[in-house]
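Participant: Residue numbers (numbering that gives the first Met the number 0), protein chains in the order written: chain A, 0 to 287; chain B, 0 to 287.
Beta carbons: idealized from backbone N, C-alpha and C, even for Gly.
One structure, as structure tokens, below. Some questions next.
There are 2 protein chains.
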Amino acid sequence: MAKNFWLLESASLYKTVKLGLAIKRKIFSKKTPYQKIEIVDSLGFGKVLFIDGLVQTTQADEFIYHEMISHVPLLLHPNPKKVLIIGGGDGGVLREVLKHPVKEAIMVEIDQDVIRACERFMPEISEGAFQNKNAKIIIDDGFKFVKNQKDAFDLIIVDSCDPLGPAKKLFNPEFYKNVYLALKKEGVAVFQSGSTFMQQKELRAFFEKNKSYFPFVRMYLTAIPTYEGGFYGFTLVSKKINPDKEGLAAVEKKFKNLNLKTKYYNPQIHFASFVLPNYIKDYLTSKK
Amino acid sequence: MAKNFWLLESASLYKTVKLGLAIKRKIFSKKTPYQKIEIVDSLGFGKVLFIDGLVQTTQADEFIYHEMISHVPLLLHPNPKKVLIIGGGDGGVLREVLKHPVKEAIMVEIDQDVIRACERFMPEISEGAFQNKNAKIIIDDGFKFVKNQKDAFDLIIVDSCDPLGPAKKLFNPEFYKNVYLALKKEGVAVFQSGSTFMQQKELRAFFEKNKSYFPFVRMYLTAIPTYEGGFYGFTLVSKKINPDKEGLAAVEKKFKNLNLKTKYYNPQIHFASFVLPNYIKDYLTSKK
Chain A
0 MAKNFWLLES ASLYKTVKLG LAIKRKIFSK KTPYQKIEIV DSLGFGKVLF
50 IDGLVQTTQA DEFIYHEMIS HVPLLLHPNP KKVLIIGGGD GGVLREVLKH
100 PVKEAIMVEI DQDVIRACER FMPEISEGAF QNKNAKIIID DGFKFVKNQK
150 DAFDLIIVDS CDPLGPAKKL FNPEFYKNVY LALKKEGVAV FQSGSTFMQQ
200 KELRAFFEKN KSYFPFVRMY LTAIPTYEGG FYGFTLVSKK INPDKEGLAA
250 VEKKFKNLNL KTKYYNPQIH FASFVLPNYI KDYLTSKK
Chain B
0 MAKNFWLLES ASLYKTVKLG LAIKRKIFSK KTPYQKIEIV DSLGFGKVLF
50 IDGLVQTTQA DEFIYHEMIS HVPLLLHPNP KKVLIIGGGD GGVLREVLKH
100 PVKEAIMVEI DQDVIRACER FMPEISEGAF QNKNAKIIID DGFKFVKNQK
150 DAFDLIIVDS CDPLGPAKKL FNPEFYKNVY LALKKEGVAV FQSGSTFMQQ
200 KELRAFFEKN KSYFPFVRMY LTAIPTYEGG FYGFTLVSKK INPDKEGLAA
250 VEKKFKNLNL KTKYYNPQIH FASFVLPNYI KDYLTSKK
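In structure tokens, the structure reads:
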């Protein structure tokens, strides 16, 4: 029997902390025009997708990220029919979005090889979502795609990689502005925002910038075992719907009517996740 | 200038995942009769205390753990005067407890060398708490100490290491029973409960056992950047006070009257931290 071995992430977004995983075997590795994709089988988290040396998703804990980036905005918006996903090559966000009665879910992923590798080696994540009749997969640069959309989407979910490789453009203020323009007048968008502990300066700047476009900019939190840095943040921006005004009773009713099956999300968590510790509130909103 | 280097934790509580930290230099190392203590200076978290190869606390994020294990029970109890801390050699819990008007805070730590090393190399954590006139430090086995106490404490905080070394006895049902007997009739206790993702079976058993002694057993959550495994749990057990009945307004009033200075804790977080994702609720309470 082969011996397990410890694998330390080869990259570190934060330069100060990395994840070490006990690995059973390497399954797949490919250098694409955009990045290096690797899939391994791990001792504690099932199959794990790495991109450029950083953990992107694992079979065991992917439900936390995918449910929270999807259901919070989908249950906030009164009637999300047209949804755009930027990135999301593993198919997890698409799977969750399609649990809602949306008319069209368009996914724009820059690297077809991510989709191919995940469909082949981690099909449990997309669960056939790529073949759904309401799904449309476009292989393109998300930045460029959004730039050409006006007043087109109820919801945009930015499920990007961290700002190291091709995803760098998605952390550019021009992109946020284009997201604003691509949304309909009741539109909502969500951005994965990384560690709320390690990236305080970046998140503050991101918040400030988005506030110049959107009247409502809010952070909500979860914790993901294989993402370093304590609370993991999502930024929700909204053109018209006030996320603080939507009550628990209304979200509970929608959740029940949709008969959503979730492993993480529930309407109580929806609201609890917007409550911030003092230090996060302070750095996001202090005047200095 | 010396080069930084990556240090992977040498032990793994969970056998599947470890923390890798960028380190500037090693500061202190000692093998005591109980365990190996190491202190290093890190690139992202200031000074870091390791015990038997596992991160225990860091200067940068210790406030999260220490505030949450202390202020939640202290603000739940109507009048906590006599507080017992088991473990807590770095002094962080004692520091937070002494922000409240307690009459006596007794800390029972098995290994004097932990206190000595932390006072010398990480004095920012205890902030002089060991010298406070209301603090009493006892070097003894916490299991044995609690066994000899009856109807003695308003609050017991179990700030133990993980169940690998000398702390193993603190994860024994006999200890929970002794905690019950050591508490006064309105008494409350809190146990650090590790990762709510990695230790599902252990936490379920722990909950079941405590329910046979305490009428109220609840989990509350935080996320700590240098503790692996997503949401970190604390278990709150209570003999008489119902944690669900204490309202936000009451806790807000107490918090304001005490004029508590906190970096993490606030009354909204107090209640939000008791809201559990579905999968945690399921494994803690399902019948099977």
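What does Phe196 (chain A) reach in chain B if we use C-beta pairs closer than 8 Å?
Facilitator: Within the first sequence, numbered from 1, the residue matching residue 196 (chain A) stands at position 197. The answer, in chain order, is Asp60 and Pro224.
Participant: Which of helix, strand or coil does DSSP assign to Ile240 (chain A)?
Facilitator: Within the first sequence, numbered from 1, the residue matching residue 240 (chain A) stands at position 241. Residue state, collapsed to three classes: coil.
Participant: Are the region 154-166 of chain A and the region 122-132 of chain A in contact at 8 Å, needing three or more beta carbon pairs?
Facilitator: Contact between the region 154-166 of chain A and the region 122-132 of chain A is absent, because fewer than three Cβ pairs lie under 8 Å.
Participant: Quick check: the Cα distance between Leu74 (chain B) and Leu202 (chain B), rounded to an integer number of angstroms?
Facilitator: Along the second sequence, one-based indexing puts residue 74 (chain B) at 75. Along the second sequence, one-based indexing puts residue 202 (chain B) at 203. Distance between the alpha carbons of Leu74 (chain B) and Leu202 (chain B): 24 Å.
Participant: Am I right that Tyr13 (chain A) and Ser194 (chain A) are in contact with their C-beta atoms under 8 Å? What's the rounded C-beta distance?
Facilitator: For this step, residue 13 (chain A) is matched to residue 14 along the first sequence. For this step, residue 194 (chain A) is matched to residue 195 along the first sequence. That belief holds up - the Cβ atoms of Tyr13 (chain A) and Ser194 (chain A) are roughly 7 Å apart, short of 8 Å.
Participant: Run through DSSP, which three-state label would Gln198 (chain A) get?
Facilitator: The residue labelled residue 198 (chain A) in the question sits at position 199 within the first sequence. Three-state DSSP puts Gln198 (chain A) in coil, outside helix and strand.
Participant: Answer yes or no: do Asp139 (chain B) and Val189 (chain B) have a C-beta to C-beta separation smaller than 9 Å?
Facilitator: Along the second sequence, read from residue 1 onward, the residue named residue 139 (chain B) stands at position 140. Along the second sequence, read from residue 1 onward, the residue named residue 189 (chain B) stands at position 190. Result no, Cβ atoms of Asp139 (chain B) and Val189 (chain B) do not sit closer than 9 Å.
Participant: Which ranges does the beta strand (DSSP E) cover as unbroken runs of at least 3 residues, wholly within the region 131-177 of chain A, from first to last along the chain?
Facilitator: Those beta strand (DSSP E) runs which fall completely within the region 131-177 of chain A and span 3+ residues are 134-138 and 152-158.
Participant: What number of angstroms, rounded off, separates the C-alpha of Val82 (chain A) from the C-alpha of Ser69 (chain A)?
Facilitator: Counted from its first residue, the first sequence places residue 82 (chain A) at position 83. Counted from its first residue, the first sequence places residue 69 (chain A) at position 70. Cα-Cα distance, rounded: 10 Å.
Participant: Report back the beta-carbon spacing between Tyr219 (chain B) and Val71 (chain B) to the nearest angstrom; my notes put them in contact at under 8 Å.
Facilitator: In the second sequence, the residue the question calls residue 219 (chain B) occupies position 220. In the second sequence, the residue the question calls residue 71 (chain B) occupies position 72. Going by Cβ atoms, the distance from Tyr219 (chain B) to Val71 (chain B) rounds to 6 Å, so yes, they are a contact pair.
Participant: Tell me the DSSP secondary structure of Gly91 (chain A) in three-state form.
Facilitator: Within the first sequence, residue 91 (chain A) is the residue found at index 92, counting from 1. Reduced to three states, the DSSP call for Gly91 (chain A) is helix.
Participant: Kindly list, in the order they appear in chain A, the residues whose Cβ is closer than 8 Å to that of Leu294 (chain B).
Facilitator: Beyond the ends of chain B as shown, which are 0 and 287, falls residue 294 (chain B); an answer cannot be given.
Participant: Apart from the five residues just before and just after Ser28 (chain A), which ones in its own chain have a Cβ nearer than 6 Å to its Cβ?
Facilitator: Start at 1 with the first residue of the first sequence, and residue 28 (chain A) comes out as number 29. Here the set comprises Glu37.
Participant: Can you name the residues of chain B whose CB is closer than 8 Å to the CB of Pro242 (chain A)?
Facilitator: Looking up residue 242 (chain A) in the first sequence gives position 243. In chain order: nothing, as chain B lies at least about 15 Å away.
Participant: Tell me where the beta strand (DSSP E) around Tyr219 (chain A) begins and ends.
Facilitator: Working through the first sequence from its first residue, we reach residue 219 (chain A) at position 220. It spans Phe215 to Thr221 - the beta strand (DSSP E) in which Tyr219 (chain A) sits, taken as one unbroken run.
Participant: Does the CB of Val274 (chain A) have a neighbour CB from chain B at under 9 Å?
Facilitator: In the first sequence, counting from the first residue as 1, residue 274 (chain A) sits at position 275. Yes, contact with chain B.
Participant: Buried or exposed for Pro227 (chain B), please, with buried defined as at least 16 other CB atoms from any protein chain shown within 10 angstroms of its CB.
Facilitator: To locate residue 227 (chain B), count along the second sequence from 1; it is residue 228. Pro is not the amino acid found at residue 227 (chain B); the sequence shown has Glu there. By the 10 Å Cβ count, Glu227 (chain B) comes out buried.
Participant: Would you please verify whether the beta carbon of Lys262 (chain B) is less than 9 Å from any beta carbon of chain A?
Facilitator: Here residue 262 (chain B) refers to the residue found at position 263 when the second sequence is read from its first residue. Yes, Lys262 (chain B) counts as interfacial toward chain A.
Participant: Using beta carbons (cut-off 9 Å, strictly below), is Asn265 (chain B) in contact with chain A?
Facilitator: Position 266 of the second sequence, counting from 1, holds the residue named residue 265 (chain B). Yes, Asn265 (chain B) counts as interfacial toward chain A.
Participant: Going along chain B, which residues have a C-beta under 7 Å from Phe230 (chain A)?
Facilitator: Residue 230 (chain A) sits at position 231 when you count from the first residue of the first sequence. Correct list: Ala222.
Participant: Could you check whether Met67 (chain B) and Phe233 (chain B) sit closer than 9 Å to each other, using their CB atoms as the reference points?
Facilitator: As a working mapping, residue 233 (chain B) is identified with position 234 in the second sequence. As a working mapping, residue 67 (chain B) is identified with position 68 in the second sequence. In this structure, Met67 (chain B) lies closer than 9 Å to Phe233 (chain B) by Cβ.
Participant: Is the Cβ of Tyr179 (chain B) closer than 9 Å to any Cβ of chain A?
Facilitator: For the purposes of this step, residue 179 (chain B) is taken as the residue at position 180 of the second sequence. Chain A, which has no Cβ nearer than 9 Å to the Cβ of Tyr179 (chain B), makes this no.
Participant: When the Cα of Gln199 (chain A) is compared with those of A:Tyr263, A:Tyr212, A:Ser272 and A:Tyr282, which residue comes out closest?
Facilitator: The residue you call residue 199 (chain A) lines up with position 200 of the first sequence. Here the closest residue by C-alpha is A:Tyr282.
Participant: Using the Cα positions of Leu20 (chain B) and Lys183 (chain B), report the straight-line distance between them to the nearest angstrom.
Facilitator: In the second sequence, residue 20 (chain B) corresponds to position 21, counting from 1. In the second sequence, residue 183 (chain B) corresponds to position 184, counting from 1. So the two alpha carbons sit approximately 43 Å from each other.
Participant: Does the distance from the CB of Asn277 (chain B) to the CB of Tyr263 (chain A) come in under 9 Å?
Facilitator: The residue you call residue 277 (chain B) lines up with position 278 of the second sequence. The residue you call residue 263 (chain A) lines up with position 264 of the first sequence. Yes. Within cutoff.
Participant: Considering only C-alpha positions, which residue in the set B:Ile84, B:Asp110, B:Arg119 and B:Glu118 is nearest to Ala104 (chain B)?
Facilitator: For the purposes of this step, residue 104 (chain B) is taken as the residue at position 105 of the second sequence. Closest by alpha carbon: B:Ile84.
Participant: Would you list the one or two residues that DSSP bridges to Tyr231 (chain A)?
Facilitator: Locating residue 231 (chain A) in the first sequence gives position 232, counting from the first residue. In the DSSP output, where bridge partners are listed per residue, Tyr231 (chain A) has A:Ser194 and A:Thr221.
Participant: Measure how close the beta-carbons of Ser237 (chain A) and Phe215 (chain A) come, nearest whole angstrom, since I'm counting them as under 8 Å.
Facilitator: Here residue 237 (chain A) corresponds to residue number 238 of the first sequence, with the count starting at 1. Here residue 215 (chain A) corresponds to residue number 216 of the first sequence, with the count starting at 1. Yes, Ser237 (chain A) and Phe215 (chain A) are in contact; Cβ-Cβ is about 4 Å, under 8 Å.
Participant: Is it right to say Ile268 (chain A) is buried, meaning 16 or more other beta carbons lie within 10 angstroms of its own, or is it exposed?
Facilitator: Walking along the first sequence from the start, residue 268 (chain A) turns up at place 269. Ile268 (chain A) is buried by the Cβ-count criterion.
Participant: Determine the DSSP secondary structure at Leu74 (chain B), reduced to helix, strand or coil.
Facilitator: To locate residue 74 (chain B), count along the second sequence from 1; it is residue 75. Correct three-state label for Leu74 (chain B): helix.
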